[in-house]
Amino acid sequence: MTTHDEAAGIPPAPKGNSDDNQADGTDALSQRGAIALAKRLQRFWHEQGYPAARFWAEPIEERFAKVGTYELHRVACNLKNGLPPRYRE
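Under our numbering, the first residue of the sequence shown carries the number 2, and numbering increases by one thereafter.
Next comes the structure, spelled out in structure tokens:
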């Protein structure tokens, strides 16, 4: 039986104890987790033949009362309409 991610061609998360591993339940909202997710996404797009794809972690400036005092981070990228920019040689 295949999952929705497998049917869509999304590779499963790697297993192991690396810093860029989201399979172990690392919080992707922390700075470390967001950086690890950004590395994983960038590696995926580069392996698909899109070397111009870039991903990075940045802090979320907005703070709400329910969030608390800890910092939240998000992954930003240069994708346009879901695709990386064309790479010009």
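Here a beta-carbon is modelled for each residue, glycine too, at the ideal position from N, C-alpha and C.
Practice task
Just mark A35 as buried or exposed, buried being the case when its beta carbon has 16 or more other beta carbons within 10 Å.
Solution key: The residue labelled residue 35 in the question sits at position 34 within the sequence shown. So A35 counts as buried.
Practice task
May I ask you to report which of helix, strand or coil DSSP gives E59?
Solution key: Position 58 of the sequence shown, counted from the start, is the residue given in the question as residue 59. Of the three classes helix, strand and coil, the one that applies to E59 here is strand, per DSSP.
Practice task
Using the Cα positions of L38 and R87, report the straight-line distance between them to the nearest angstrom.
Solution key: Here the question's residue 38 lines up with position 37 in the sequence shown. Here the question's residue 87 lines up with position 86 in the sequence shown. Straight-line Cα distance between these residues: approximately 23 Å.
Exercise for the section: Return helix, strand or coil for R38, following the three-state DSSP convention. Expected result: Stepping through the sequence shown from its first residue, residue 38 is reached at position 37. A small correction: the amino acid at residue 38 is Leu; Arg does not occupy that position in the sequence shown. Reduced to three states, the DSSP call for L38 is helix.
Practice task
Whole angstroms is fine: what's the gap from R41's alpha carbon to A77's?
Solution key: For the purposes of this step, residue 41 is taken as the residue at position 40 of the sequence shown. For the purposes of this step, residue 77 is taken as the residue at position 76 of the sequence shown. So the two alpha carbons sit approximately 13 Å from each other.
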